[in-house]
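Just below is one structure, and these are the notes that go with it.
In the working numbering, the protein residues as written are -16 to 221.
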């Protein structure tokens, strides 16, 4: 390993440490949900190790808990994680054209909102993939260990404490949606409409599973917002 790669690895580890600690806390809450579904600590660890996506995992757990077919689980995960396709496309532009393809594949394995943020914000003309690898060293263990520990804690904590801890996952979702909703009234409106439509769909269409309701509403609301309020390009075409 060259000195440049080693330095990038250490800097990624440094910047990724707070992310890993935060992932552990949120992963712990996700483990509570995983226990509801019936996963063991080992199963929860492996799932989070291979799928570092909070919303995607939570959606998958909800669908699995409703005994949905594999197709519905796959489709729900695809919809919940669709934003990572856009993030990966943007992130790929930060790499030098000479970056080997396998580095792009490995970096794409763990594109999350937080890792994407620190990667895009990093200075310099090109992004060294070893910076991302360094951030992975804390993000992946934090997320997977947090999930496993949440499942284990179920057996030791009183039910009231377990119920309180599970609320932290919803707090994470609020932390994700509130900042952009405050900055953009269109996003804010879409969030409010999604809450209302989800509530009404559960009342009037109880025969439709929770996973299918989420898929349908996500496509309809996001599609309508994109058509009615498309993002305008600036003068530079960006």
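Where a beta carbon is used, it is the ideal one built from N, C-alpha and C, also for glycine.
These numbers come from a predicted model, not from an experiment.
Beta carbon of residue i nearer than 7 Å to that of residue j
i	j	result
residue 129	residue 54	no
residue 174	residue 184	no
residue 33	residue 198	no
residue 212	residue 170	no
residue 95	residue 3	no
residue 133	residue 30	no
residue -8	residue 125	no
residue 177	residue 204	yes
Residue i - DSSP class collapsed to helix/strand/coil
i	result
residue 80	coil
residue 23	coil
residue 109	coil
residue 225	The requested residue 225 does not occur in the structure, where the chain is confined to residues -16 to 221.
residue 42	helix
residue 0	helix
residue 88	helix
residue 36	coil
residue 138	coil
residue -12	helix
residue 124	helix
Contacting residues, own chain, Cβ-Cβ under 8 Å from residue i (five flanking each side not counted)
i	result
residue 218	For residue 218, the predicted structure reports a pLDDT of 43, less than 50, and the residue's modelled location is therefore unreliable. The matter cannot be settled from this model.
Close Cβ partners of residue i (< 6 Å) along its chain, the five nearest in sequence each way excluded
i	result
residue 39	60, 63 and 64
residue 48	20
Proximal residues to residue i (C-beta, below 7 Å), its chain only, five neighbours per side dropped
i	result
residue 115	-5, 90, 98 and 102
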